[in-house]
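Q:
Residue numbers (this note's numbering): 247 to 709.
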């Protein structure tokens, strides 16, 4: 039965990786994988062929000797299985509620055209200067509103500023690198860092202290090299730049909602530090404040109740990508099933970590390879698996291991266009060819990733 659970996970993983050739939304295999892994685990547990382990290293099994308190042993084992399932569901729900809150705030800001304010900050015709402006915006915004949303916002902005698509895809591709680098040093900048943060593997201060410099290197070095390439020489011809005020379609509420939304998202780590409560509660508070203001603010001059629905939080909720939320649900629960199965006297993922440690003694190389894997397969299950592979008792919060996992999984995906959520979004919006990106951009992402990793190892070694 152990083989069946592992085979289910591997098959589901392969289907997720090849979602584009199969033309199948990755949410489908993720949900099937999550449900079937637990179903097979339950069948194996109830017939006594599988044992489970909880977060306190307690092992439960239905395979008990005859006689004695046999019925009581089974009752305890069943309660242990149920409690373990609810524990993992609760941990997964913390992440999902946090993401729903953040996504809703971003959508409310977008409904009020808050991100159009950014367009007014671009006042240059220089291709090279524009590259650094949008790259800097991508790096900073991704740390606040996450790398996926930052990419979508900036691609939309570039469509207005750079009408030539052949030139624009160069900018968009470099934004993917900047957004992934920016998301790596913030607990709210990427799903993987959020998972590590909520899972108490990293703290806000620790993540920023040890990853801000490697992330800047990962972002700046590719941009520095790219600024000398031919596509970024000369000036841009654009009607928006000729008449920057002419295309301004901001609302009366745009600036207010932009700064309120960004401010309330940034407030979440502060809330956690002050109250020591889980981050999702801070996100619920932030969403409540933004929702409250959105109910009473006036986006237009002649604003009436009939137009209110177009800018309401209900409208924002309808625009959330629930498929992404369900994808994370399926993936995280499937990984939790593997974390729960006993192999030897530890969980299956912990056993994998011990095997890797014996094959590759240098842990830094293991995590460095993880960065390359995140460019090929989704980084969410990779990080989820890593959290199950390494014991929190052995690797405490803000251990070098967790910081390096956050960096590698967050920035390694830039090496392929399909390696990150930001890359997939850019690919879909601008129809960027996989081979074109591989030939033109991957080497830039590689030198940034490798240089940042080297800087990270140097910093951790010195300090």
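Here a beta-carbon is modelled for each residue, glycine too, at the ideal position from N, C-alpha and C.
Please classify residue 605 as buried or exposed, where buried requires at least 16 other C-beta atoms within 10 Å of its C-beta.
A: Your numbering for residue 605 matches position 359 in the chain shown. Exposed: under 16 other Cβ atoms inside 10 Å.
Q: For residue 625, count the other beta carbons within 10 Å of its own beta carbon; 16 or more makes it buried, fewer makes it exposed. Which is it?
A: Mapped onto the chain shown, residue 625 falls at position 379. Residue 625 is buried by the Cβ-count criterion.
Q: With a 10 Å radius around its C-beta and 16 neighbouring C-beta atoms as the bar for buried, classify residue 476 as buried or exposed.
A: Translated into the one-based positions of the chain shown, residue 476 becomes position 230. By the neighbour-count rule (16 or more Cβ atoms within 10 Å), residue 476 is not buried but exposed.
Q: What whole-angstrom Cβ distance do residue 384 and residue 326 have, given they're in contact under 8 Å?
A: Residue 384 sits at position 138 when you count from the first residue of the chain shown. Residue 326 sits at position 80 when you count from the first residue of the chain shown. Contact flag wrong, Cβ pair sits at about 47 Å.
Q: Pick from 276, 358, 255 and 343: whose alpha carbon is nearest that of residue 576?
A: Along the chain shown, read from residue 1 onward, the residue named residue 576 stands at position 330. Taking only the C-alpha atoms, the option nearest residue 576 is 276.
Q: Buried or exposed: where does residue 642 fall if 16 or more other Cβ atoms within 10 Å of its Cβ makes it buried?
A: Reading the chain shown from its first residue, position 396 is the one you call residue 642. By the 10 Å Cβ count, residue 642 comes out exposed.
Q: Between which two residues does the alpha helix (DSSP H) containing residue 284 stretch?
A: Here residue 284 refers to the residue found at position 38 of the chain shown. Looking at the DSSP string, the run of the alpha helix (DSSP H) that includes residue 284 is 273-292.
Q: Return the chain-ordered list of same chain residues with a C-beta closer than 7 Å to the C-beta of residue 254, the five sequence neighbours on each side being excluded.
A: In the chain shown, the residue the question calls residue 254 occupies position 8. Excluding its 5 nearest sequence neighbours in each direction, residue 254 has C-beta neighbours in its own chain below 7 Å: 279, 282, 283 and 286, listed in chain order.
Q: Determine the DSSP secondary structure at residue 390, reduced to helix, strand or coil.
A: The count along the chain shown starts at 1 and reaches residue 390 at position 144. Of the three classes helix, strand and coil, the one that applies to residue 390 here is helix, per DSSP.
Q: What distance in whole Å lies between the Cβ atoms of residue 533 and residue 347, which are believed to be in contact at a cut-off of 8 Å?
A: As a working mapping, residue 347 is identified with position 101 in the chain shown. As a working mapping, residue 533 is identified with position 287 in the chain shown. Confirmed, Cβ separation roughly 4 Å.
Q: Extract the residue ranges of the alpha helix (DSSP H) inside the segment 489-554, only unbroken runs of 4 or more that lie entirely within it.
A: Here the runs fully enclosed are 500-521, 525-542 and 551-554.
Q: Within 10 angstroms of its Cβ, does residue 260 collect 16 or more other Cβ (buried), or is it exposed?
A: The residue you call residue 260 lines up with position 14 of the chain shown. Residue 260 is classed as exposed because its beta carbon has fewer than 16 other beta carbons within 10 Å across all chains shown.
Q: Put residue 481 into one of helix, strand or coil per three-state DSSP.
A: The count along the chain shown starts at 1 and reaches residue 481 at position 235. Correct three-state label for residue 481: strand.
Q: At which residues does the alpha helix (DSSP H) containing residue 447 begin and terminate?
A: The residue you call residue 447 lines up with position 201 of the chain shown. Unbroken run through residue 447: none, as it is neither H nor E.
Q: Can you tell which of 294, 328, 510 and 418 has its C-alpha closest to the C-alpha of residue 351?
A: The residue you call residue 351 lines up with position 105 of the chain shown. When each option's Cα is compared against that of residue 351, the closest is 510.
Q: Any idea what DSSP makes of residue 306, helix, strand or coil?
A: Start at 1 with the first residue of the chain shown, and residue 306 comes out as number 60. Three-state result, residue 306: strand.
Q: Around the Cβ of residue 607, are there at least 16 other Cβ atoms within 10 angstroms (buried) or fewer (exposed)?
A: Along the chain shown, one-based indexing puts residue 607 at 361. Classification for residue 607: exposed.
Q: Excluding the 5 residues flanking residue 270 on each side, which residues of the same chain have their C-beta closer than 8 Å to its C-beta?
A: Numbered from 1 along the chain shown, position 24 holds the residue referred to as residue 270. Cβ neighbours of residue 270 beyond the five flanking positions: 261.
Q: Which residues does DSSP list as the beta-bridge partners of residue 298?
A: Position 52 of the chain shown, counting from 1, holds the residue named residue 298. Paired residues: 306 and 587.
Q: Quick check: the segment 354-373 against the segment 496-515, are at least 3 beta-carbon pairs closer than 8 Å?
A: Taking 8 Å as the limit for Cβ pairs, the verdict is that the segment 354-373 does touch the segment 496-515.
Q: Could you tell me whether the segment 609-626 touches the segment 654-662, where touching means 3 or more Cβ pairs closer than 8 Å?
A: yes
Q: Determine the contact status of residue 595 and residue 584, defining contact as a CB-CB distance below 8 Å.
A: Taking the first residue of the chain shown as 1, we reach residue 595 at position 349. Taking the first residue of the chain shown as 1, we reach residue 584 at position 338. Yes, the pair counts as a contact, with Cβ atoms nearer than the cut-off.
Q: For residue 461, which three-state DSSP category applies?
A: What you label residue 461 is simply residue 215 of the chain shown in a count that begins at 1. Correct three-state label for residue 461: helix.
Q: Tell me which same chain residues have a C-beta within less than 7 Å of the C-beta of residue 561, skipping the five on either side of it?
A: If you number the chain shown from 1, residue 561 lands on position 315. For residue 561, where only same-chain residues beyond five positions count, the Cβ hits under 7 Å are 357 and 555.
Q: If we call anything under 8 Å between Cβ atoms a contact, is residue 431 one with residue 458?
A: Here residue 431 is taken as the residue at index 185 of the chain shown, counted from 1. Here residue 458 is taken as the residue at index 212 of the chain shown, counted from 1. The answer is yes: Cβ separation under 8 Å.
Q: Would you mind working out which of 377, 399 and 344 sits nearest residue 470, comparing C-alpha positions?
A: As a position in the chain shown, residue 470 is number 224, starting the count at 1. Checked all of 377, 399 and 344; the closest Cα to residue 470 is 377.
Q: Could you pull out every residue in the same chain whose Cβ sits closer than 7 Å to the Cβ of residue 491, ignoring the five residues on either side in sequence?
A: By 1-based counting over the chain shown, the position of residue 491 is 245. The predicted model places residue 491 with a pLDDT of 49, which falls under 50 and marks its position as unreliable, so this point remains unresolved.
Q: Within its chain, find whatever has a CB closer than 7 Å to the CB of residue 698; leave out the 5 residues flanking it on each side and keep chain order.
A: Working through the chain shown from its first residue, we reach residue 698 at position 452. 460, 461, 463, 464, 653 and 657, listed in sequence order.
Q: Check whether the Cβ atoms of residue 543 and residue 441 sit closer than 8 Å, and answer yes or no.
A: Taking the chain shown and counting its residues from 1, one reaches residue 543 at position 297. Taking the chain shown and counting its residues from 1, one reaches residue 441 at position 195. Contact: no.
Q: Here's the rule I'm using: 16 or more other beta-carbon atoms within 10 Å means buried, otherwise exposed. How should residue 369 be labelled?
A: Position 123 of the chain shown holds residue 369. It counts as exposed.
Q: For residue 473, which option in 439, 405, 597 and 381 has the closest C-alpha, if you only look at C-alpha atoms?
A: Position 227 of the chain shown holds residue 473. The residue with the shortest Cα to Cα distance from residue 473 is 381.
Q: For a test of the three-state rule: what should DSSP assign to residue 593, helix, strand or coil?
A: Stepping through the chain shown from its first residue, residue 593 is reached at position 347. Correct three-state label for residue 593: strand.
Q: On the DSSP bridge list, what partners appear for residue 372?
A: Position 126 of the chain shown holds residue 372. Partner(s): 481.
Q: Can you list, in chain order, the residues of its chain with a C-beta nearer than 6 Å to that of residue 318? Leave out the 5 residues immediately preceding and following it.
A: Taking the first residue of the chain shown as position 1, residue 318 is located at position 72. Residue confidence for residue 318 is low, a pLDDT of 49 falling below 50, so the modelled location carries little weight and cannot support an answer.
Q: From this set, 666, 662 and 696, which residue's C-alpha is nearest residue 680's C-alpha?
A: Counting from one through the chain shown, the residue named residue 680 turns up at place 434. It is 662 whose Cα lies nearest to the Cα of residue 680.
Q: Relative to the alpha-carbon of residue 507, which residue among 518, 540, 367 and 700 has its alpha-carbon at the smallest distance?
A: For the purposes of this step, residue 507 is taken as residue 261 along the chain shown, with counting starting at 1. Check the Cα spacing between residue 507 and each of 518, 540, 367 and 700: the tightest is with 540.
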